[in-house]
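Worksheet for the structure shown next.
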Amino acid sequence: MSYSLSSQPMRNAPRFVEYVDIFSREDIIPSAGIKDSLLLFDTFNNINPLEQLNNAAPTKIYQRVSFYLIEGECIFDINGKQMTITPNTAVAIMPENTLKIKFVSPSVQYYMVVTYPKVSNQIFRETGFTYSNARLSLRHFISQMSTQQVRDTLRIYTDIKRDILGPDYEFKNEYLRCLLNALMVKNINIYQFDPMPLEGDSNSRQYDVYCKFLSLLNKYAIEHRTVQFYAKTLDISSKYLSFVCTSYSKKNASSWIDEAVVQKAKAMMLVHHYSLFETSEALHFSTVSSFSRYFKRVTGQTPKEFVKKSRS
Amino acid sequence: MILKGDLITKADAQSFFFSSYEGKYTIMDNLDEKGDPIIHARDEIYNSEYVYVTVVLRGTLNMIVGGTPIEMKANEYLAVMPCMSVIVKESRCICFSFLTSSNLMADIYKRTNVHTKLHYHAFKFRHLRFTPETIAVLLDCYKRMKREHMQEEYPMKELVLRAYLAAYVAKLFSSLDDAELVRYVKNSRQYKFFNEFLNLLNDNHKKERSVQFYADKLHITPKYLSTIVNKYTGLTASQAIDQYIVFAIKQTLYNNEQNIKKVSEEYNFQSQSFFGRYFKRITGFSPNAYLKQNNIRSINFIQQKKEN
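Taken in sequence, the protein lines are chains A and B. Each number in our numbering comes from the position in the first sequence (counting from 1) with 471 added on. Each number in our numbering comes from the position in the second sequence (counting from 1) with 20 added on.
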């Protein structure tokens, strides 16, 4: 089936993919789903579709997983750390985590949404928040839900499931994305951080400049490292841009840029296993040594040291 | 004539469930009505920038939209685009409806990958008959929005409501093909002129603002054009042109987030101050006030500084 939930093609696929897509293994049958976009698993038919994954070897995932436990108890092993999940708890596992699932009580009741990166990125974009999959990767969140949230979330989930199983129609992608969007926004408190900055008026034009700057950063940090470039794109002076950044985040524009560049570099080296040379080329540095110096100035350690430390 | 966006106020909707979200959109229905589902007659209301959608489940709803009398029966759907006047007559029916500000609607179009500009649809309405199955689906989506509205305020409520509204619109769009268009006798000569006038407006509104130009293009006198436009919109030709242009300007200001100077150049005004005065004459407030009032985040603060 070539049906995909996302309307946009994936931009640059990672070069060294070594992930195993455990959720589309042949012996695991989702309750509903669209291949390579969205998979739903639940125990509402008295079958545990993820039974096969019980005590399977830990695997690195590249999808976003939202798990909602209704009844029973289960244990997740995320990056080698065990955590016990109790009823009415939501767990959000972002891409790049190593996951192992153990169901403890036999009559466990849960539902789970697995979104693939191209879809979840689009959903993030549509909410208008300044964070993305990339910014959240390697993290996981666990949180207790209020009764209202439990009820609403389950309702949205059943709506999504019913629609996937139902007939195809023209705007099905858009409809499903809207509901997924609602599902995510509804439980935004799972992510345990405020998507909006705390200080200042969030309706002001300054705030808008700030948000636009952050989204530009996500887009252009690979190529551009000067404040001047971002200021020019936003039609403002670099001094003003820096002023706006400091007033909302206590960090000026250039340190935001540095952070974004370093974050991209780290992701390239750790996740995609780029070599030092490849990373510096990808980030448009003139030489490896200038990239090294830049990295050291921002993080306090050279890229080589960083890779060694995080691999050991 | 009220030249204002508020199509229905809380006071008007007595026997209605009524909920509004910060003027961005309003939903209302009388689904819980058990006895005599009566809807009281209301004065003429001019709708300058809202998209108004009504679905009748039972009974008959009588309205006059821009001079055309409309009788809505069960399972019928009516969408009234901006720049139209609406008169609701006393009728008995169960219905649900909502009003969406055109700015929000433009956002939703973007999200559902529908590439259209709202001002191309100004002065139009669409009366469709759906199958009961489609109506049930739409009602489901509507009830979901209503449930969310009734919940207590929480930080992300607006975004959830937006997502639900977009879901409703996606469902609606996908069922438009199966719908049956309710037709009015419109193949008259006058209606052809009116349609032609709207097409000309679409093409030329950025350059021409005089009635004379459009009348010349149609090879009729300005007076006759005015009569025709008045018949279908309730406005005179010059009023209609002004309303259309101002609506298009509002959309441009909102969508492209351009600054006022660029927009005034785009719409062929001699100077920015002339543009400001024109905008204020039609809407009652200056373009800058409009931007502020609608929370449109323009990055043109240099201009703002100068004004201060």
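For glycine and all other residues, C-beta sits at the position ideal for the given N, C-alpha and C.
Item, Value
"Determine whether the beta carbon atoms of residue 60 (chain B) and residue 91 (chain B) lie at a separation below 8 Å.", "no"
"Report the partner residues of residue 615 (chain A) according to the DSSP bridge assignment.", "A:560"
"Per DSSP, what kind of secondary structure is residue 507 (chain A) in: helix, strand or coil?", "coil"
"Taking a contact to mean a Cβ-Cβ separation below 8 Å, would you say residue 184 (chain B) touches residue 165 (chain B) in this structure?", "yes"
"Residues of the region 109-121 of chain B in Cβ contact with chain A at a cutoff of 8 Å, in chain order, please.", "none"
"Would you mind sorting residue 755 (chain A) into buried or exposed? The rule is 16 or more other CB atoms within 10 Å of its CB.", "exposed"
"In terms of DSSP beta bridges, what is residue 74 (chain B) paired with?", "B:98, B:117"
"Would residue 632 (chain A) and residue 502 (chain A) be called neighbours here (beta carbons separated by less than 8 Å)?", "yes"
"Should residue 784 (chain A) go down as buried or exposed, given a rule of 16 or more other Cβ atoms within 10 Å for buried?", "Residue 784 (chain A) cannot be examined here, being either before or after the span of chain A that is shown, 472 to 783."
"Would you mind working out which of B:310, B:211, B:232 sits nearest residue 269 (chain B), comparing C-alpha positions?", "B:310"
"For residue 732 (chain A) and residue 703 (chain A), what's the separation of their Cα atoms in angstroms?", "19 Å"
"Sorted by chain position, which residues of the same chain lie with C-beta nearer than 7 Å to residue 258 (chain B)'s C-beta, five sequence neighbours on each side aside?", "231"
"Roughly how many angstroms separate the alpha carbons of residue 508 (chain A) and residue 536 (chain A), rounded to a whole number?", "12 Å"
"Check the C-beta distance from residue 266 (chain B) over to residue 302 (chain B) and give it rounded, since I have them as a contact under 8 Å.", "5 Å"
"Classify residue 516 (chain A) as buried or exposed, calling it buried when 16 or more other Cβ atoms lie within 10 Å of its own Cβ.", "exposed"
"Any beta carbon from chain A within less than 8 Å of residue 100 (chain B)'s own beta carbon?", "no"
"For chain B, find out if any of its Cβ atoms is closer than 8 Å to the Cβ of residue 592 (chain A); answer yes or no.", "no"
"Just to confirm, does residue 279 (chain B) get its C-beta within under 7 Å of one of the non-hydrogen atoms of the ligand ZN?", "In the structure on display, the ligand ZN does not appear, and there are no ligands present to speak of."
"When the Cα atoms are used, what is the spatial distance from residue 156 (chain B) to residue 295 (chain B)?", "47 Å"
"What is the C-beta distance between residue 271 (chain B) and residue 137 (chain B), in whole angstroms, given that I count them as a contact (C-beta under 8 Å)?", "6 Å"
"Take every Cβ of the region 237-253 of chain B, pair it with every Cβ of the region 55-75 of chain B, and state whether three or more of those distances are shorter than 8 Å.", "no"
"For the alpha helix (DSSP H) that residue 243 (chain B) lies in, which residues bound it at each end?", "242-253"
"Going straight from the alpha carbon of residue 693 (chain A) to that of residue 775 (chain A), what length do you get?", "19 Å"
"Would you mind sorting residue 554 (chain A) into buried or exposed? The rule is 16 or more other CB atoms within 10 Å of its CB.", "exposed"
"Taking 8 Å as the CB-CB limit, is residue 273 (chain B) close to chain A?", "no"
"Taking just the CA atoms, how far does residue 687 (chain A) sit from residue 701 (chain A)?", "7 Å"
"Locate the beta strand (DSSP E) running through residue 565 (chain A), then write down its first and last residues.", "Note, residue 565 (chain A): premise wrong, no beta strand (DSSP E); not H, not E."
"Contact defined as beta carbons within less than 8 Å: I believe residue 636 (chain A) pairs with residue 187 (chain B). What is the distance between those atoms, to the nearest angstrom?", "17 Å between Cβ atoms; not a contact."
"Starting from the Cα of residue 729 (chain A), find the closest Cα among A:743, A:719, A:765 and give me that residue.", "A:765"
"Check the DSSP bridge columns for residue 149 (chain B) and list the partner residues they point to.", "B:96, B:200"
"First and last residue of the beta strand (DSSP E) that includes residue 646 (chain A)?", "First-last for residue 646 (chain A): 643-657, but that is the alpha helix (DSSP H), not the beta strand (DSSP E)."
"Whose Cβ in chain B lies nearer than 7 Å to the Cβ of residue 579 (chain A)?", "Neighbours of residue 579 (chain A) on chain B: none; closest Cβ ~29 Å, over 7 Å."
"What number of angstroms, rounded off, separates the C-alpha of residue 780 (chain A) from the C-alpha of residue 741 (chain A)?", "11 Å"
"Give every residue of the same chain whose Cβ lies closer than 8 Å to the Cβ of residue 560 (chain A), excluding the five residues on either side of it in the sequence, and list them in chain order.", "539, 540, 613, 614, 615, 616"
"Tell me the rounded alpha-carbon separation between residue 284 (chain B) and residue 304 (chain B).", "17 Å"
"Exposed or buried, what is residue 748 (chain A) when buried is set at 16 or more other beta-carbons lying within 10 Å of its beta-carbon?", "exposed"
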